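In what follows, a structure is listed as structure tokens, so that the remarks can point back to it.
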Amino acid sequence: MSRRIPSLKALSCFEQTARFGSASRAAEELYLTQSAVSRQIQGLEDWLGCKLFARQKQRLVLTPEGESYLQAIRPALDQLETATLTFLSGGAEGGVLTIAAPPTFGSRCLIPLLPDFRGRHPDIVINFISRIGIPDFDREQIDIAVLFGDGNWPGLDAHLLHGEEMVPICSPKLIENLDYSPKPNNLRDYSLLHIATRPRGWSDWLAASDLTDIDGENGPKFEHFTMAMQAAIAGLGVALLPTFAIEDELANGRIVAPFGPPRASPFHYYATSPVGRSRNPKIRAFMTWLDQRKKQEELTA
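The numbering of the sequence shown is full-length UniProt numbering, which starts it at 1 and goes up by one.
Structure, rendered in structure tokens:
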């Protein structure tokens, strides 16, 4: 007796349209035409006897029935993908591991470590995307997200990755005409450049330096580390940046750090995944590798 299941093409069109909120974007992902995707979704809706999407302005959003059906079929689609990749890799526990991370931390701290992971797990293919903040793990098909905070996020398992030390930096031209060596209390003479993802960065650094009489709240704000660094290089003021983000620029003299030592942030970077997915072989392999690297670093520190 044949199984009462719709075609895999229809399910793929449904899942990708739900992911992007657009039949045209789903079509690009699946190498189909938009009309072909729309026909597959229409056929699936007819087969199920319910509407899966509703249009809101320029976006397709899931109906309650569509959301329920997506959550029900996604584990089965994931299992199909894993089984296929495992077969193609000769039976090893592999698959595609999608990691989302903030762009600067990802490029400067995490990506350089990935060859070691790949050497230990050559059967796991890594997809790396740039993302700040908590993603929609299901809709964006993300396995692991790197988050910055205290390590406590409801519904997420967190593995410590990296600490963060912040230091004030500026263009050498900003201080070249001074007849004295700048000290932390001289920061009151400059515009403080802020980063949107670190709204209390300056206030915390100034408090740790016993400089409570300097306003750490006001000043130009920039979305990313690189934007704040470029603003500092251009001479707009003094930026407070993580040491890992400025090593090359300090070494080549584009910036200097004359206002005081780096100070540890109370927050850290964590590799997170939804609770309940820790038994997934590819996620377990990555988290175990992180824990092993952390232990090695502690032994050699």
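Glycine residues also receive a C-beta, built at the ideal position from the N, C-alpha and C atoms.
These numbers come from a predicted model, not from an experiment.
For this session: Give a yes or no on whether the C-beta atoms belonging to residue 308 and leucine 110 are separated by under 8 Å.
Result: Past the edges of the chain, shown from 1 to 301, lies residue 308, and the structure says nothing about it.
Exercise. Which runs of the alpha helix (DSSP H) fall wholly inside the UniProt domain "HTH lysR-type" (6 to 63) and span at least 4 residues, in chain order?
Worked result: Here the runs fully enclosed are 8 to 20, 23 to 30, 34 to 48.
Exercise. Can you give the Cα-Cα distance for proline 261 and leucine 193, rounded to whole angstroms?
Worked result: Approximately 17 Å, taken between the alpha carbons.
Problem set entry | Member of Glu67, Gln34, Arg59, Glu165 whose CA lies at the smallest distance from the CA of cysteine 50 | Glu67
Exercise. Closest by CA to tryptophan 205, which one among Leu187, Arg279, Pro220, Phe222?
Worked result: Leu187
Exercise. When you compare only the Cα positions, how much space is there between glycine 90 and proline 122?
Worked result: With a pLDDT of only 48 at glycine 90, under the threshold of 50, the placement of this residue in the model should not be trusted; the figure read from the coordinates follows. Roughly 12 Å between the two C-alpha positions.
Exercise. Ordered along the chain, which non-local residues of its own chain (more than five positions away) have a Cβ less than 6 Å from that of threonine 104?
Worked result: When the five nearest sequence neighbours on each side are left out, the beta carbons in the same chain lying within less than 6 Å of the beta carbon of threonine 104 are those of Phe225, Ala245, in order along the chain.
For this session: Would you mind sorting isoleucine 169 into buried or exposed? The rule is 16 or more other CB atoms within 10 Å of its CB.
Result: So isoleucine 169 ends up on the buried side.
Problem set entry | Distance CB(leucine 97)-CB(leucine 290) smaller than 8 Å | no
Exercise. Run through DSSP, which three-state label would glutamate 81 get?
Worked result: helix
For this session: Please report the Cβ distance between phenylalanine 137 and glycine 106, rounded to the nearest whole angstrom; I am assuming they are in contact, meaning their Cβ atoms lie under 8 Å.
Result: 17 Å between Cβ atoms; not a contact.
Problem set entry | Helix, strand or coil at threonine 243 according to DSSP, with G and I counted as helix | helix
Exercise. Straight-line CA distance for tyrosine 69 to leucine 30?
Worked result: 20 Å
For this session: Spell out a yes or no on whether the stretch 277 to 292 and the stretch 139 to 152 are touching, meaning 3 or more CB-CB pairs, one atom from each, closer than 8 Å.
Result: Yes, they touch.
Problem set entry | Where tyrosine 190 sits in the DSSP three-state scheme | Here tyrosine 190 sits in coil by DSSP.
Exercise. Excluding sequence positions up to five away, which residues of its chain have a Cβ less than 8 Å from the Cβ of proline 266?
Worked result: Asp150, Asp204
Problem set entry | Distance CB(aspartate 179)-CB(serine 278) smaller than 8 Å | no
Exercise. Are the beta-carbon atoms of lysine 241 and methionine 229 separated by less than 8 Å?
Worked result: It is worth fixing the name first, because residue 241 is leucine in this sequence and not lysine. A contact, by the Cβ cut-off of 8 Å.
Problem set entry | Enclosing alpha helix (DSSP H) for proline 172 [first to last residue] | 172 to 175
Problem set entry | Residue range of the alpha helix (DSSP H) that includes proline 115 | 114 to 120
For this session: Please specify which runs of the beta strand (DSSP E), each continuous and at least 3 residues long, are wholly inside the stretch 257 to 301, giving them in chain order.
Result: 268 to 274
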